[in-house]
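Protein sequences appear in the order of chains S and V.
Numbered by the working numbering, the letters in the first sequence go through residues 10 to 213 in order.
Numbered by the working numbering, the letters in the second sequence go through residues 10 to 213 in order.
Some notes on the structure that comes next.
Number of protein chains: 2
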Amino acid sequence: MAEQVATNITFHEGTVSAEERVENMGQKGATFWFTGLSGSGKSTIAVAVEQVLLSRGNHAYRLDGDNIRMGLNKNLGFSPEDRTENIRRIGEVSKLFADAGVLSIASFISPYSEDRNAVRALHAENNVPYFECYIDCSLEAAEERDPKGLYKKARAGEIKGFTGIDAPYEAPANAELHLKTHEDDLETCVAKVIEFIDAQNLFA
Amino acid sequence: MAEQVATNITFHEGTVSAEERVENMGQKGATFWFTGLSGSGKSTIAVAVEQVLLSRGNHAYRLDGDNIRMGLNKNLGFSPEDRTENIRRIGEVSKLFADAGVLSIASFISPYSEDRNAVRALHAENNVPYFECYIDCSLEAAEERDPKGLYKKARAGEIKGFTGIDAPYEAPANAELHLKTHEDDLETCVAKVIEFIDAQNLFA
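Pasting the structure below:
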């Protein structure tokens, strides 16, 4: 005989509906895909945007090199095939977060239009909102900032296939949001992202 | 000159802290890893547990074959190497969800102790709570249920390497929770999982 359990539980047939998810999270999930050169400010803006969203009681999570490259994608290198698989996996994970009702902020150079378009198509197929955010920065400005000293190493030939130096960056042609970090300061950029998010009717 | 933006925003240096995340989500994230034979009831229990959690206002998300095998892991087969990589990737994704403050319910046969232990170790390294839930079911009961007709095909030799038939299932030796679905009915199993979750001090 089954033992008595105290917890009062109710559940229905089938999985959690999209409406139940929205009610539970107080928002509809979505992917905000930040693409741009190394040093463009993607991660700095993403970190600040995440903070602003959480401080308002929204639910957001950042995917970036720090939690992906050493984890899920640690078995990938920087060949064209591996770069494509890198972005494919991140796109799949971001779609899962958005499906879970989270505002997923994916911050990756993602230099190839074809790879980004595949992520966009994946979201469309699954009816998950997707917004490409082009974190535009002139190569000159990014190279002058060079926060990790990577441009210097790329110029010296110590890093091969570096985006903007000896590998291409294919700028988005149809980004939903276009920031210019060599013109606007951080606070302005963050405010523009928040305004953009607020315009998408994601909050219940 | 930067244009005026209306949104009132504040953010601080550094990333969102663990404490801020807990306050934002009303809970601490964790992974509940459901392992067991095909037909053991893993997914049925996981679906119901997710519903119960959401109906209480907790935040949970299910990872299972439906949203992983056709997505993130669609480029993996069923060789031993691919099975290991399958579980590795799911473990990484579940860790990310838990890090985001979500109660992540990962429901996969995951027949090899070594693969499951690697997921456990990954969570430990990242200080993310991890609970192995052994959804135990006798092979006889699972095969009699055979909800997808897979055991029948495996017995007929139409599927090779099927767990429990011609591939091993290594039962957990140290699972934090052990359900026996050939003894308890669904409601009892779900209640036991909820009681177990409630005992982990995850809710703020």
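For each residue, glycine too, the CB sits at the ideal point set by N, CA and C.
Is residue i buried or exposed, if buried means 16 or more other CB atoms sit within 10 Å of its CB?
i      : result
E152/S : buried
N95/V  : buried
D194/S : exposed
A200/S : buried
A133/S : exposed
E167/V : exposed
G48/V  : buried
E123/V : exposed
A208/S : exposed
N67/V  : buried
I54/S  : buried
G110/S : buried
N82/S  : buried
A165/S : exposed
D91/V  : exposed
D175/S : exposed
By alpha-carbon positions, which one of the options ends up nearest to residue i?
i      : options                           : result
C198/V : K157/V, K51/V and T24/V           : K51/V
P89/V  : S119/V, R129/V and K201/V         : S119/V
G80/V  : A55/S, V25/S, A127/S and V111/S   : A127/S
V58/S  : A208/S, E196/S, F212/S and H187/S : E196/S
L148/V : D194/V, Q36/V and T172/V          : T172/V
G38/S  : A27/S, L46/S and G48/S            : A27/S
R71/V  : R65/V, D91/V and I99/V            : I99/V
H191/S : T93/S, D175/S, L46/S and A109/S   : L46/S
F140/S : F212/S, K83/S, H187/S and V61/S   : H187/S
G35/V  : I18/V, F205/V and L62/V           : L62/V
E29/V  : Q60/S, R129/S, I18/S and F205/S   : Q60/S
G86/V  : F205/V, E204/V, K169/V and P177/V : K169/V
V31/V  : R97/V, V137/V, Y121/V and L131/V  : V137/V
P177/V : E185/V, R125/V and Y121/V         : Y121/V
Please classify residue i: does DSSP put it in a helix, a strand, or coil?
i      : result
H187/V : strand
D207/S : helix
S52/V  : helix
F106/S : helix
F212/S : strand
C142/V : strand
L85/S  : coil
Y160/V : helix
A39/S  : strand
A176/S : strand
S64/S  : helix
D73/V  : strand
S122/S : helix
I114/S : strand
T24/S  : coil
D193/S : coil
Under 7 angstroms between beta-carbons, which chain V residues line up against residue i? List them in chain order, please.
i      : result
L81/S  : R98, E101 and V102
Y70/S  : A109
A57/S  : F20
V199/S : I18 and F20
Find the residues of chain V that neighbour residue i, judging by a C-beta separation of less than 9 angstroms, and give them in chain order.
i      : result
C49/S  : Residue identity check: residue 49/S is Ser in the sequence provided, not Cys. Those within 9 angstroms of S49/S in chain V number zero; the least Cβ separation is about 17 angstroms.
E152/S : Residues of chain V passing the Cβ test: none, with the nearest at roughly 22 angstroms.
Can you name the residues of chain V whose CB is closer than 8 angstroms to the CB of residue i?
i      : result
A133/S : Neighbours of A133/S on chain V: none; closest Cβ ~14 angstroms, over 8 angstroms.
N76/S  : L105 and D108
L63/S  : V25, E29, R30 and N33
Should residue i be counted as a contact of the ligand ADP given a C-beta to heavy atom distance under 7 angstroms?
i      : result
A133/S : Looking for the ligand ADP in the displayed structure turns up nothing, as the structure carries no ligands at all.
Can you find a CB in chain B that lies within less than 8 angstroms of the CB of residue i?
i     : result
Q60/V : Within the model displayed, chain B is absent; protein chains S and V are what it includes.
Closer than 8 angstroms by beta-carbon distance: list the chain S residues that pair up with residue i, in chain order.
i     : result
G38/V : Per Cβ cutoff of 8 angstroms: no residues; G38/V is ~10 angstroms from chain S at best.
Name the chain S residues that come within less than 9 angstroms of residue i, Cβ to Cβ?
i     : result
G66/V : N33
Item to check | Segment contact flag, the stretch 42-50 of chain V with the stretch 108-119 of chain V, C-beta cutoff 8 angstroms, min 3 pairs | outcome: yes
Checklist entry - Using 8 angstroms as the Cβ pair cut-off and three pairs as the minimum, do the stretch 101-111 of chain S and the stretch 64-78 of chain V touch? => result yes
Next on the checklist: Across the stretch 172-185 of chain S and the stretch 16-35 of chain V, are there enough close Cβ pairs to call them in contact, namely three or more that are closer than 8 angstroms?
Outcome noted: no
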